[in-house]
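**Q** If you scroll down you'll find the structure; I have some questions about it.
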Amino acid sequence: MKDQKSLIDARIAVPVTVGKASVEGNAIDRTGFEAVTIAAVIGSGAYAADKTVRTVLLESEDGIAFTEVPANKVVGYPVVADAVLGDDLVVTLGYIGDAKFARLDYEVEGVLAADVTLYAMAVLGHPALSPVA
Numbered sequence: 380m381k382d383q384k385s386l387i388d389a390r391i392a393v394p395v396t397v398g399k400a401s402v403e404g405n406a407i408d409r410t411g412f413e414a415v416t417i418a419a420v421i422g423s424g425a426y427a428a429d430k431t432v433r434t435v436l437l438e439s440e441d442g443i444a445f446t447e448v449p450a451n452k453v454v455g456y457p458v459v460a461d462a463v464l465g466d467d468l469v470v471t472l473g474y475i476g477d478a479k480f481a482r483l484d485y486e487v488e489g490v491l492a493a494d495v496t497l498y499a500m501a502v503l504g505h506p507a508l509s510p511v512a
């Protein structure tokens with residue numbers, strides 16, 4: 380059996396957020412890594428009919444001005460959650476672009492109930508140098 384610890388690094392893409400409107404994630408610097416996968420979590424809870432959550436993957440060269448990643452550079456499908464989620468929903472999105480920075484945002488229509496949690500982790504892979512410290 381093999382481990383991956385020396386081949387990946389993990390970063391907080393979106394800190395734990397509860398009952399909020401739209402959330403802007405952290406800029407993930409891809410320097411030294413060829414791949415980034417983001418695991419986005421939308422917690423279970425009640426969503427009113429007029430409230431939805433959409434995951435949005437963005438890219439940037441400078442870590443300041445971000446634009447939405449075109450669909451042909453995303454592996455997996457961004458999600459739109461609405462109605463009632465009985466279980467937490469985990470969505471993984473892979474970024475195959477060349478920009479130095481990636482970021483995940485949650486676009487929320489309305490304000491979510493206090494029982495709905497949003498967060499995400501970024502896993503960086505295919506390091507230029509390994510093992511990763």
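Just so you know, our numbering puts 505 at position 126 of the sequence shown, and the rest follows in order with no gaps.
In this text, a Cβ means the ideal position worked out from N, Cα and C, and glycines have one as well.
Keep in mind it's a predicted model, so treat the numbers as computed, not measured.
(1) Does V469 pass the burial test, meaning 16 or more other C-beta atoms within 10 Å, or should it be called exposed?
(2) Just to confirm before moving on: does the CB-CB distance between I421 and A460 stay below 7 Å?
(3) For the beta strand (DSSP E) containing Y456, list its first residue and its last residue.
(4) Using a Cβ-Cβ cutoff of less than 6 Å, which residues in the same chain neighbour R433 once the five nearest sequence positions on both sides are dropped?
(5) Identify the continuous beta strand (DSSP E) that holds S439 and give its terminal residues.
**A** Here's the rundown:
(1) exposed
(2) yes
(3) Premise fails: Y456 is in no beta strand (DSSP E) and is neither H nor E.
(4) V459 and E486
(5) V432 to S439
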